[in-house]
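**Student:** Next up is a structure, given as structure tokens.
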Amino acid sequence: MTIVKNILWLVAVLLVQWGFLQDLPLTVYGNPYLYLWFFLWLPFGVTRMGLYAIAFTVGSIMDAFEQSGGAHTLACLALVTAKPWVENALIGYRKSDNNEGVSHLALVPYLTTSSVLVLLHHTVLFTAENYGFDNPVLLVVRIVISSLITLVLLAITHALFSKKYAA
Amino acid sequence: MRQLILFFAKYRSTLLLLVFVLIALLRHSLKNPLAEHRLNNVGFGAVATVHNGLSGWKQYWRLEAINEELARENARLRSGGTRASANHFSNSTDYDFIPARIVDYSYTKRNNYIIVHAGRRDGIHPGMGAMSANGWIGSVVEVSDAYSHITPVLHSKGNIGARISGKGLGELHWDGTDPSWATLIDIQRENRPMPGDSVYSFTRTSVGPSTLTGIVISAVQNNEDLTWTAKVALSADYKNMNWLYISKLKDAGSLDSLQVPAL
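Heads up: the sequence lines are chains A and B, in that order.
Quick note, my numbering runs 18 ahead of the 1-based positions in the first sequence.
Quick note, my numbering runs 669 ahead of the 1-based positions in the second sequence.
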């Protein structure tokens, strides 16, 4: 049942990404990528192999839609590889049977963890998309602006769906 | 053998990650818009079909802009002018222009793309040129039965040859920032570009007719080789596109026969 629920969330997140956000004329310096919320939603208990398989699948879907080769796949794999370490460093001890993810944390730890992961994801994504560090100033501007917009949208999503927003 | 199995069992998650990273890197390195990339072709038709479904929803919100674009194009056609107007390429009798509805496009990336709902069965092939009513857009690089992928000027590999009437050739390239302007480089020192000069595409005959691409805003001379570099306002509105025309050379067969290398 949990798997079906997660798949439905994934489909919903990808539909919102492609139905509303992809052509949003906010800035010429990149898109917001709300689909990252799905990785924050995933329970802490998911195994590493499970995380890699999910990241590869989600990244490949995004690459197919965005015609971006393997940039999203690489960025998603980097995100899920770093995710357990970032969580351990910033959130600390969790019960092993914890069936909730980062998205169920209170706003401050949620945004702190999200910021690190989103910045990492966007850095890998835009560097891969740029095929290297050509025009570094523009690359940094793209990474920073896109990360900020993504984080604003993630905060709004958190306000809408988290059980502990008021905490 | 047992050691090998134990090794794989112990490091299975790291090995899986390595395999996924290698596949992603391979796919990414093959994503060269100027070459065939079969691995990335897998599922292109299916993805384009989904885009087509979503574009109906998205176009609903752009109806006002679509109406305005069509009204302007209609007014230009009714005026019957043959001056260097934006869609003057349609005066070319050597080409057929295949209309294609855009189902998805981007303009905020370093390497942008356009997908149109017209493909192989409409007579489109890789290498054909694409233009909007306002000017040159790019060229077709990938085709399925019903859809085509276009690499626009707004791409790190979307450079094209361009000319200013009476002032020779240069190369137009986009630096990855604002989608409304590009840079024309390597114009000979005796041909100083002036603000207001029209810039036309200059591609192989099989790609498309010479098409208005932009207007020169300013120009500076390089100190080293004294060539001119001009800032060009692109005539196509990449933020708001709905229909394109794909140019198809009518007598491509004859041209092909001329290009066969001598034996």
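Backbone N, C-alpha and C define an ideal beta-carbon position, used for all residues, glycine too.
1. Indicate the three-state DSSP secondary structure (helix, strand or coil) for Ala-802 of chain B in the structure shown.
2. So, under 8 Å CB-CB, Leu-108 of chain A and Thr-131 of chain A are touching, yes? Tell me the CB distance rounded to an integer number of Å.
3. What ranges does the beta strand (DSSP E) occupy inside the stretch 796–884 of chain B, keeping only unbroken runs of at least 3 residues that lie completely in it?
4. Can you tell me which residues form a DSSP beta bridge with Ser-916 of chain B?
5. Relative to the C-alpha of Gly-877 of chain B, which candidate in B:Asn-891, B:Glu-859, B:Leu-841 and B:Ala-921 has its C-alpha closest?
6. Pull up the distance between the alpha-carbon of Pro-848 of chain B and that of Tyr-776 of chain B, whole angstroms please.
7. Going along the stretch 90–112 of chain A in order, which residues come within less than 7 Å of chain B, judged by CB to CB distance?
8. Please report the distance separating the alpha-carbon of Ser-904 of chain B from that of Pro-795 of chain B.
9. To the nearest angstrom, how far is it from the Cα of Ile-783 of chain B to the Cα of Lys-679 of chain B?
10. Determine whether the beta carbon atoms of Val-822 of chain B and Val-868 of chain B lie at a separation below 8 Å.
11. What did DSSP end up calling Thr-683 of chain B once you bin it into helix, strand or coil?
12. Where does Ser-164 of chain A land, buried or exposed, given buried means 16+ other C-beta within 10 angstroms?
13. If the cut is a Cβ gap below 8 Å, which residues of chain E does Val-868 of chain B touch?
14. Can you say whether Phe-57 of chain A is buried or exposed, counting buried as having 16 or more other CB atoms within 10 angstroms of its CB?
15. Is the stretch 674–689 of chain B touching the stretch 48–55 of chain A, taking contact as three or more C-beta pairs under 8 Å?
16. Can you say whether Glu-105 of chain A is buried or exposed, counting buried as having 16 or more other CB atoms within 10 angstroms of its CB?
17. Establish whether the CB of Thr-145 of chain A and some CB of chain B are separated by less than 8 Å.
**Tutor:** Walking through what the data contain:
1. Coil at Ala-802 of chain B, not helix or strand.
2. The C-beta distance from Leu-108 of chain A to Thr-131 of chain A rounds to 5 Å, short enough to fall under 8 Å.
3. Complete beta strand (DSSP E) runs here, min 3: 798–801, 804–812, 817–821, 829–833, 838–842, 850–856 and 867–870.
4. B:Phe-766 and B:Gly-798, per the DSSP bridge assignment.
5. Ranked by Cα distance from Gly-877 of chain B, the options B:Asn-891, B:Glu-859, B:Leu-841 and B:Ala-921 are led by B:Ala-921.
6. Spanning the two alpha carbons is a distance of roughly 6 Å.
7. Cβ contacts with chain B come from Thr-91, Leu-92, Leu-95 and Thr-99.
8. Looking at the backbone, the Cα of Ser-904 of chain B and that of Pro-795 of chain B are separated by about 24 Å.
9. Roughly 45 Å between the two C-alpha positions.
10. No, the pair does not count as a contact, with Cβ atoms beyond the cut-off.
11. In the three-state reduction of the DSSP assignment, Thr-683 of chain B falls in the helix class, which pools H, G and I.
12. Buried: at least 16 other Cβ atoms inside 10 Å.
13. Judged by its chain identifiers, the structure shown contains no chain E, and its protein chains are A and B.
14. Buried.
15. Touching, no.
16. Counting the other CB atoms within 10 Å of its CB gives Glu-105 of chain A a total of 16 or more, which places it among the buried residues.
17. No, no contact with chain B.
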